[in-house]
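Protein chains: 2
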Amino acid sequence: MKTEEKEKTTDLDFERLRQLMNTNKIQVFKKELLNLHFYDQGQFFISLDSTGRKKMTKLLSPKEMGDMFDTLPDEEQDTQDFLQEMEPEYAANMLSEMYNDNAADILEHLDDKVSEVYLDLMPERDANKIRRLMHYGVDTAGGIMTTDMISLKPDTTIMDAIAKIKRDADLAETVNYLYVTNYERTLIGVISLREILVAPADALVQDVMTEKVISVHPEIDQSDVAQTIRDYGFLAVPVIDSQERLIGMVTVDDIIEVIDDEAQSDYSGLAGVNVDDVSEMPLTATMKRLPWLITLLFLGMLTATLINHFDVLLNEASILAVFISLITGTAGNAGTQSLAVAVRRLALSDDEQPSMMKMIISEVITGLLIGILTGVTVMVLVGLWKQNFILGAVIGLSMATAIWVANMAGSLIPLGMDKLGFDPAVASGPFISTLSDLTSVLIYFNIASLLMSSFL
Amino acid sequence: MKTEEKEKTTDLDFERLRQLMNTNKIQVFKKELLNLHFYDQGQFFISLDSTGRKKMTKLLSPKEMGDMFDTLPDEEQDTQDFLQEMEPEYAANMLSEMYNDNAADILEHLDDKVSEVYLDLMPERDANKIRRLMHYGVDTAGGIMTTDMISLKPDTTIMDAIAKIKRDADLAETVNYLYVTNYERTLIGVISLREILVAPADALVQDVMTEKVISVHPEIDQSDVAQTIRDYGFLAVPVIDSQERLIGMVTVDDIIEVIDDEAQSDYSGLAGVNVDDVSEMPLTATMKRLPWLITLLFLGMLTATLINHFDVLLNEASILAVFISLITGTAGNAGTQSLAVAVRRLALSDDEQPSMMKMIISEVITGLLIGILTGVTVMVLVGLWKQNFILGAVIGLSMATAIWVANMAGSLIPLGMDKLGFDPAVASGPFISTLSDLTSVLIYFNIASLLMSSFL
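First to last, the sequence lines map onto chains B and L.
Here the first sequence is numbered in the UniProt record's numbering, starting from 1 and rising by one per residue.
Here the second sequence is numbered in the UniProt record's numbering, starting from 1 and rising by one per residue.
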C-alpha cells in the first residue's frame, strides 16, 4: 500500500511539472525540477516527448543535465536519440560534466565518428581521460572504473587532507574512501572518510591509513570485481596497473549493475531467449524468440529422421511410440537441471571452483545415480501397467541411459565451452533438451531393437 | 593471471597461519591474523576443523570474533555448528558485538529455544534491539535493516555533529549518511558525511541537510528496497514506521545479497533445481534433483497413457510416431521461453509492469505469431521431405496449435500464481515443458485422427 502511495505522489509531481512547463512558468518549473533527486529528474526527462526534452535542454545547464544523465539507465538507442536532439557543443559539455565512467559508457555505444566529434568538442583534459577509459574492454574492471577520485599523499596531515577533500569533493564520484599513493603514484594505503573525521587534526595520513589494500587490475573481469566488493563488503575497490600505480576505482553502484546484468544473462541463456527487454509488443517478442526456436527445429527434424529410420521396428511394435515423449521429456529435464548447476558453478570465482576433473567425475556419478533411480521407477510403473516386465526393463534401461547422457551433455557442454573461452551460459536449456531428444531416441530405439524379440 | 597470483598469496598466508597456530606461536599468530581483513579472517576460520576453530575462539575476544562473523556467508548449518562449539556466554557476547541485523539473521535460523538462551545471556539493551528486528519478516525491509546508526537533531551545529560522530562511529554500521530526526523522532532530513565535512563548523544541521528523503516502510518487500537503492544510486535508505518515525536503515551491502539471492531463486525456478549449493557430492546432488524429476515422470506417464489411447491410429499410421518428439520438443521450448519472460516481467516493480489484461492479450498474439511462423516452416520441411503436403499440413497445424497452447501455459500459469500470492518462479521450465508434452500430444493426435483419411 505504502509504496503505491509513494508512486502516486511521484506521478502527481510529474503531472504538475508538465503543466508548469507547458504554461511557460519556466522559473517555477526549473526550481521544482531541480529540487527532485537526479534520478527522478531523469525519469521525468524520459517521460517527455522530443519537443519537451528540447525545451528542458534549453533550460538546464550542461552540468545540471549531466547530473541527470549520470542516473539514466543504459538503453543505448534512447541515449543516442537524446544526444542527437542537443546542439553538439551542449552535448559535449554535458558529457564532460558527467562522471567520466558514465560518459565513456555512452560514447562507447556510439559510432566511432560521432563519438570523436563529441570528444573533439570537449576540454582536452576530460577528453583524454574518457579516451583512456574507452580503451578498456567494457566487461573489465577498467571498463567500469572511474578516474574521478581524490588521492592523498602519506605525509599530508589530516587537517590538510580535510582541506583537500573540501576543495575537490565535487570532482570525485565518492570520497568515502581516499586512496593513498606515494610520489611514484604507487598505491600504498587506504583511509576512509570516517577515519579521517575521527583522527586527530595533526596526525599524518600514513599513521591513520590501512596499509593492506585489496585492489584489482584493469583487465580482470567485472564479475570478479563484483565478487571482491561483495565478499569484503566494500563500497569501492581501487584499480592498479602492472606497476601497482593507482589508475582508478570501481564503486559499488556500478557493481550492482554488473550483478544484475550477469544474473539476467545467465537466466536468458537458460531460457533460450533474451529477457533483457520484456516489451509487450507481440511482433518484437516474436522476433526475439523465433531464431532459437527455428534453429532448434532443424535439430528436432534430425531426431524425426532418426525415428523415421526405425520405421520397420515401429511398424512391428507400435507400443514403442507410446514411450517416446516420456523418455525424451524426462532426459531433457535432467539435462536442464545439470546445465543450470554447471553454469552456476562456472560462474563462481576460480578459487571457489572445484577442479575440472572433480566436476566431471562428480557429474558422471550423479547422472548415473539419477538415471538408475529414475529408470527403476519407470521400469516398475511400465511393468505393472502393461503387465510386461521385459518391456518395462527396455523402457527403464533406455531411460536410465538417456538420462545419464543428457546429464553429461548438460554439464560437459558448458564446461567445454568455458574452457574454450566462450560464455557457458549460451548453451541454453532448450538447446540441451532438444539435443537430448536426439540422443534419447538413438538410445531408446537401439536398445529396443536389440531386445525386441524378447518383449513382443 | 593477476587474480590467480593474488589467490595464491592468500593460500600461502593461510598455510603460514596454520603453521603458526599448530606450533603454538600464539602471539605472532594472533597479530598476523588480526592484520587480515575481517573477511579473510572469516575465510581462515571456516577453513579450519573443529579443534582449530575452538583454539581460535579461546584466543580472540567476542568483539574480534563478532567482526569476523559479520562477514560470514549465511550458511545456516555451518553457523549453528560454529555457535555450538563456543561457550554459550561467549557466543551471546559475540552476537551482541555483531551488527544487530546480522545477529538477528543468525538467531532467526536457530531453534526458538536456543536463540532465547543466547538472547537471555546478552545485555538486555542489545537483546531487545535484536528481538525487535527478528519480529519482521525475513524478506522485508524490516528484516534486513540495521538499527546500529547515528541520527542527528536539526538544531545541532556541524561542529557538535562531528563530535557526536567521532564518539559514536564505532557503534554505527555506516556513517556515510546521517539521518536527521526532530524531537518526535520523525525523519525530516538526511545529510552525508561529505556534506558535513564540507560545511562551515558553525552551520546548523538543518541548514545543510536535504529535506526530501526517500524512505521505505519496514513491511515492504526487500526486492523493492533493492530497486530503490539501485535506481537512486544510494548507499543506504532509511526505514520509517507508519508515523514517519525513523526506526532503522538498510545498507547497500545487504542489498547486494538480496539481488543475488533473488536472481538465484529465479534461476533455480526456471531450471527446476535449487542451484543455491553447487556441492559436487553426487549423492547430495541426486537428492536435490530427483524429487522434481520423479514428480514430472508421473505427468509424463499421463502423456504416455494418452498416446497409448491412440494405439489404433498409431498402428494404421506409424509415420505419426516420427513427429511426436519434434512437436512436443518445439512446443516445450516455446513454453520455456514465454515462462522466462513472464517470470521476469512479474519481478518488475508494480509501476513498471504492464496491466494484466495487456500482458494476456500480448502473450496470446505472440503465441499465435510464433505458432504460425514455426508451423508454416515445419509444414514446408515435412511436405518436401515426405513429398506429402497434406501430412505436412497436419504436422504444421498441430505444431502451431501446440506452440500456441504451450506459450499461453508458460505465461498464464506464472501470472495466475502471482495473482494467487505464490512466487511465480516456482513454475519451473521442466514443469511447463512436461505439461506441454501432454497438451501437444493431445492436440497432435486429435488433429491427425480428424484428418487421417486425407493424408494416408
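We put the beta carbon where it would ideally sit given N, CA and C, even for glycine.
Values in this document were obtained by computation on a predicted structure and should not be read as measured data.
Counting every other CB atom within 10 Å of its CB across the protein chains shown gives B:Val205 a total of 16 or more, marking it as buried. Neighbours of B:Gln41 across chain L, judged by C-beta separation under 8 Å, do not exist; the nearest C-beta is about 11 Å away.
Taking a cut-off of 8 Å on C-beta distances, the stretch 399-416 of chain B touches the stretch 329-349 of chain B, as three or more cross pairs fall below it. L:Val208 and L:Ile158 do touch by the CB rule: their CB atoms are close to 7 Å apart, below 8 Å. Just so you know, the alpha carbons of B:Pro282 and L:Glu363 end up roughly 7 Å apart. Straight-line spacing of the CA atoms in L:Tyr183 and L:Met249 works out to 19 Å. The three-state secondary structure of L:Asp81, taken from DSSP, is helix. Separation of L:Tyr136 and L:Leu373 (C-alpha to C-alpha, rounded to the nearest whole angstrom) is 51 Å. Interface annotation, L:Gln337: in contact with chain B, CB-CB separation under 8 Å. Residues of the stretch 308-338 of chain L with a C-beta less than 8 Å from any C-beta of chain B: Asn308, Asp311, Leu314, Asn315, Ser318, Ile319, Leu320, Ala321, Val322, Phe323, Ile324, Ser325, Leu326, Thr328, Gly329, Thr330, Gly332, Asn333, Ala334, Thr336, Gln337, Ser338, listed in chain order.
Around the beta carbon of L:Pro238, 16 or more other beta carbons sit within 10 angstroms, so the residue counts as buried. Scanning chain L for C-beta atoms nearer than 9 Å to the C-beta of B:Ala263 yields Ile259, Asp260, Glu262, Ala263, Gln264, Asp266, Tyr267, reported in chain order. Straight across, the Cα-Cα distance linking L:Gly371 with L:Ile395 is about 12 Å. For B:Ile307, the CB contacts under 8 Å within the same chain, skipping 5 residues up- and downstream, are Leu314, Ile324, Val441, Phe445 in chain order. Not one beta carbon of chain B lies nearer than 8 Å to the beta carbon of L:Lys30. Contact between B:Thr174 and B:Thr79 is ruled out by a C-beta separation of about 23 Å, above the 8 Å threshold. With a 10 Å radius around the Cβ and a threshold of 16 neighbouring Cβ atoms, L:Pro430 comes out buried. Per DSSP, B:Gly233 lies in no beta strand (DSSP E) and is assigned neither H nor E. For the stretch 114-159 of chain L, the full-length alpha helix (DSSP H) segments reaching 4 residues or more read 124-134, 141-144 along the chain. If you ignore the 5 residues before and after B:Arg131, its C-beta comes within less than 8 Å of the C-beta of Leu119, all in its own chain and listed in chain order. Of all residues in the stretch 388-402 of chain B, none has a C-beta nearer than 8 Å to a C-beta of chain L. DSSP places L:Leu314 in the uninterrupted alpha helix (DSSP H) bounded by 311-316. Non-local C-beta neighbours of B:Asn93 in its own chain, meaning closer than 7 Å and more than five positions away in sequence, comprise Pro62, ordered along the chain. For B:Gly189, the uninterrupted beta strand (DSSP E) segment begins and ends at 187-192.
Comparing C-alpha distances from L:Gly335 to each of B:Ile360, B:Leu290, B:Thr366 shows the shortest one belongs to B:Leu290. Chain B places no beta carbon closer than 8 Å to that of L:Tyr177, leaving this residue out of the contacts.
For the C-beta of B:Asp437, the chain L residues within less than 7 Å are, from N- to C-terminus, Ser325, Gly329.
Distance from the CA atom of B:Ser449 to the CA atom of L:Gly416, rounded to whole angstroms, is 45 Å. DSSP lists no beta-bridge partner residue for L:Thr377.
Judged by DSSP in its simplified three-state form, B:Leu368 adopts helix. Chain L has a Cβ within less than 8 Å of the Cβ of B:Pro282. Assigned with DSSP and collapsed to three states, L:Thr228 falls in helix. CA-CA distance, B:Asp126 to L:Lys30, rounds to 48 Å. Here the alpha carbon of B:Ala285 sits roughly 10 Å from the alpha carbon of L:Ile365. Exclusion of the five residues before and after B:Glu219 leaves Thr140 as the residues of its chain whose Cβ lies within less than 6 Å of its Cβ.
In this structure, the straight-line span from the alpha carbon of L:Asp423 to that of B:Met149 is close to 43 Å.
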